[in-house]
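In the working numbering, the protein residues as written are 108 to 245.
(1) Is DSSP giving residue 141 helix, strand or coil here?
(2) Check whether the region 129–136 and the region 163–175 touch, using three or more Cβ-Cβ pairs below 8 Å as the test.
(3) Quick one: is residue 203 buried, meaning 16 or more other Cβ sit within 10 Å of its Cβ, or exposed?
(4) Is the beta carbon of residue 142 sitting closer than 7 Å to the one on residue 153?
(5) Which residue wins for smallest C-alpha separation from residue 240, given the options 177, 144, 149, 226?
(6) Return the residue from the list 160, 147, 144 that minimises the CA-CA distance to residue 130.
(7) Using the Cβ count rule (16 or more neighbours within 10 Å means buried), how would you classify residue 235?
(8) According to the neighbour-count rule (16 or more other Cβ atoms, all chains shown, within 10 Å of its Cβ), is residue 193 buried or exposed?
(9) Give the secondary structure of residue 228 by DSSP, where H, G and I count as helix, E and B as strand, and everything else as coil.
(10) Starting from residue 159, follow the alpha helix (DSSP H) in both directions and report where the run begins and ends.
(11) Exposed or buried, what is residue 207 when buried is set at 16 or more other beta-carbons lying within 10 Å of its beta-carbon?
(12) Just to confirm before moving on: does the CB-CB distance between residue 180 and residue 217 stay below 7 Å?
(13) Give me the residue from 185, 156, 223, 210 with the minimum Cα distance to residue 172.
(14) Which whole-angstrom value describes the C-beta separation of residue 170 and residue 223, a residue pair presumed to lie in contact below a C-beta threshold of 8 Å?
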């Protein structure tokens, strides 16, 4: 029994293209801003934005890569510090280190997001460009 319905050939339904389209200027700036603001949560949101919007908006691609480059190393250090917080005698030091790194990451991400929201590219001070180094080796 075939229950599939066929669309009549004279139908105006043409479907949609599977490939995502390019971003408008305002969308490009808004998503680039989101990539910087999401640095408060670590490197995962900016990595997701970079991979989802790469090639769709030049400003988003540039700024999400900058945000990913900046947040990657501090996120790794935060994860290690959180793991070492449970170790007796040194746990307090690593807990304080994690709090300071997160505070720096949050403040710098917010500053970057504000600058990018105005339409200006932002380069983080003390950016290790770890993602660029990793991606070049592939």
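Every residue gets a Cβ at the ideal spot worked out from N, C-alpha and C, and that includes glycine. For clarity, every value in this text was computed on a predicted model and none was experimentally measured.
On the basis of the supplied data:
(1) In this structure, residue 141 counts as helix in the three-state DSSP scheme.
(2) Yes, they touch.
(3) Classification of residue 203: exposed, given that the 10 Å Cβ count is below 16.
(4) In this structure, residue 153 lies closer than 7 Å to residue 142 by Cβ.
(5) The option with the nearest alpha carbon to residue 240 is 177.
(6) Restricting attention to 160, 147, 144, the CA atom closest to the CA of residue 130 is found in 160.
(7) Around the beta carbon of residue 235, a 10 Å sphere encloses fewer than 16 other beta carbons of the protein chains shown; the residue is thus reported as exposed.
(8) Per the 10 Å Cβ criterion, exposed.
(9) Assigned with DSSP and collapsed to three states, residue 228 falls in coil, not helix or strand.
(10) According to the DSSP assignment, residue 159 belongs to the alpha helix (DSSP H) that extends over 151–160.
(11) That one is exposed.
(12) It is not a contact, given that the beta carbons lie outside the stated cut-off.
(13) If we check each option's Cα against that of residue 172, 156 comes out closest.
(14) The beta-carbon distance between residue 170 and residue 223, rounded to whole angstroms, is 5 Å. This is short enough to meet the 8 Å contact definition.
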